[in-house]
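What follows is a single structure, written as structure tokens, with notes after it.
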Amino acid sequence: MPQLLAMLSDMWIAGQETTSNTLAWGIIYLMQDQEVQAKLHKELDTIIGNDRHITMDDKPNLHYTSAVVNPFIHPS
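Position one of the sequence shown corresponds to residue 1 (the UniProt record's numbering), numbered consecutively onward.
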């Protein structure tokens with residue numbers, strides 16, 4: 001049982017590291033393109049506004065955001 005717990009812990013940590021690295025590189029790429037940042041900001045302000053958080057219900061309406069985010073989270 002201790003070996004199984006150690007293996008599961010390794011898998012959990014590896015999954016978190018992969019996700020955080022992917023998100024970090026995505027943010028780095030976004031930092032390089034102010035036009036993309038502006039378009040994302042405009043779409044989020046238009047659809048979400050300032051008075052609430054994004055929910056999964058918003059995803060179908062966030063076309064530009066999905067087009068930007070999907071390539072760097074899509075498995076290759």
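We treat Cβ as the ideally placed atom computed from N, Cα and C, and that holds for glycine.
{"Check": "Give a yes or no on whether the C-beta atoms belonging to T65 and L44 are separated by under 8 Å.", "Outcome": "yes"}
{"Check": "Evaluate the contact criterion for the stretch 47 to 59 versus the stretch 9 to 28: three or more CB pairs, one atom per stretch, below 8 Å.", "Outcome": "no"}
{"Check": "Taking Cβ to Cβ, would you say V36 is nearer than 8 Å to V68?", "Outcome": "yes"}
{"Check": "Roughly how many angstroms lie between the CA atoms of A6 and D51, to the nearest whole one?", "Outcome": "43 Å"}
{"Check": "Determine the extent of the alpha helix (DSSP H) in which I73 is found, giving its start and end residues.", "Outcome": "63 to 73"}
{"Check": "Taking the continuous alpha helix (DSSP H) assigned at K59, which residues delimit it?", "Outcome": "Careful: K59 lies outside any alpha helix (DSSP H) and carries neither H nor E."}
{"Check": "Alpha carbon to alpha carbon, how far is P2 from T46? Give it in angstroms, no decimals.", "Outcome": "51 Å"}
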